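Numbering follows the working numbering, in which position 51 of the sequence shown is assigned residue number 1146; successive positions increment by one, without gaps.
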Amino acid sequence: ILSFGLGMFGSIALLPLLTQTLIGYPADQAGELFIPRGIASGISMLLVGSVLMRFIDPRRLITTGLLIAAVGTAVMSNYSLGVDRWALIWPGIIQGIGMGLVFVPLSTIAYDGLPAHKTDEAAGLYGLMRSLGSSVGIAISSALLVRQATVHRALLSEQITPYNPALADWLAARGLDLSDPTAMSSVAGEISRQAQMLAFIDIFWFLACSFVALIPLTLLMHKPAMRSGPPTAH
């Protein structure tokens, strides 16, 4: 749960920045984009807790959930500054389904076999690790976003020369030329936007890989006893 926080909360923290800062959605509309992911995650958890956990090894459910979450996050790496509303929503739905497949089996394995008098202590430790994972995940994702934006800004700036025909075409499309005093400020603003978009793409790939990297950890988990009724999630 500590490691899972990197991919889960990292993407949750970055997506509002992307939709509001770069794409220009108001805060309320940006929030609406993420409602379907929450619904998908809730349905997924309900299905796992009431049905799938009775018949399928929880470790396999966790592995499947990590792979699905990785696919949904990897699809986000195809975003661009012109991405439409539906393209922002459906990868989040996939990601939410995957996350729902992880939560219930993970908590079931964590509490399986514990004596009753240790449950409170376990719940405190589990909650602490989840909080630490979210904090570390957000911090790492934010730091990498700033770093990659700086890298891409430097790389893009190298292409801004009077001999680059693409620069002249871009300026001409906006009624500008190199002699215009506002030209370079417009170019700098566009470079900043493009650099941030490329940084988001890099981070989404990184987060997708982080989900896949967690799969070997499932080999360290014990198999809990199968129950006839729905498992208890904490």
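For each residue, glycine too, the CB sits at the ideal point set by N, CA and C. Bear in mind that the values here come from a model prediction, so they are computed numbers and not experimental data.
Residue interval of the alpha helix (DSSP H) (run including residue i)
i: Gly1187; result: Arg1180 to Tyr1206
i: Val1143; result: Per DSSP, Val1143 belongs to no alpha helix (DSSP H) and is neither H nor E.
i: Leu1176; result: Run containing Leu1176: none; DSSP gives neither H nor E here.
i: Leu1315; result: Element bounds for Leu1315: n/a, residue is neither H nor E.
i: Ser1274; result: Ser1274 -> no alpha helix (DSSP H), and no H or E assigned at all.
i: Asp1123; result: Ala1122 to Glu1127
i: Ala1238; result: Thr1214 to Ser1252
i: Ala1211; result: Looking at the DSSP string, Ala1211 is not in any alpha helix (DSSP H), and its letter there is neither H nor E.
i: Pro1260; result: Pro1260 to Ala1267
i: Gly1160; result: Pro1153 to Met1171
i: Leu1110; result: Phe1099 to Leu1112
Pick from the options that is closest to residue i, judged by C-alpha positions
i: Ala1108; options: Leu1196, Phe1295, Leu1309 and Asp1179; result: Phe1295
i: Ala1249; options: His1317, Ala1290, Ile1310 and Ile1188; result: Ala1290
i: Leu1112; options: Lys1213, Leu1183, Met1224 and Leu1262; result: Leu1183
i: Thr1158; options: Met1316, Ile1310 and Arg1149; result: Ile1310
Query raised in the report: Do the region 1244-1258 and the region 1187-1204 make contact, defined as three or more Cβ pairs closer than 8 Å?
Result: no
Query raised in the report: Taking three-plus beta-carbon pairs below 8 Å as touching, is the region 1096-1109 in contact with the region 1305-1315?
Result: yes
Query raised in the report: Within the chosen definition, does the region 1270-1277 reach the region 1126-1140 through at least 3 CB pairs nearer than 8 Å?
Result: no
Query raised in the report: Does the region 1295-1302 come close enough to the region 1161-1177 that 3 or more CB-CB pairs lie under 8 Å?
Result: yes
Query raised in the report: Does the region 1157-1166 come close enough to the region 1187-1197 that 3 or more CB-CB pairs lie under 8 Å?
Result: yes
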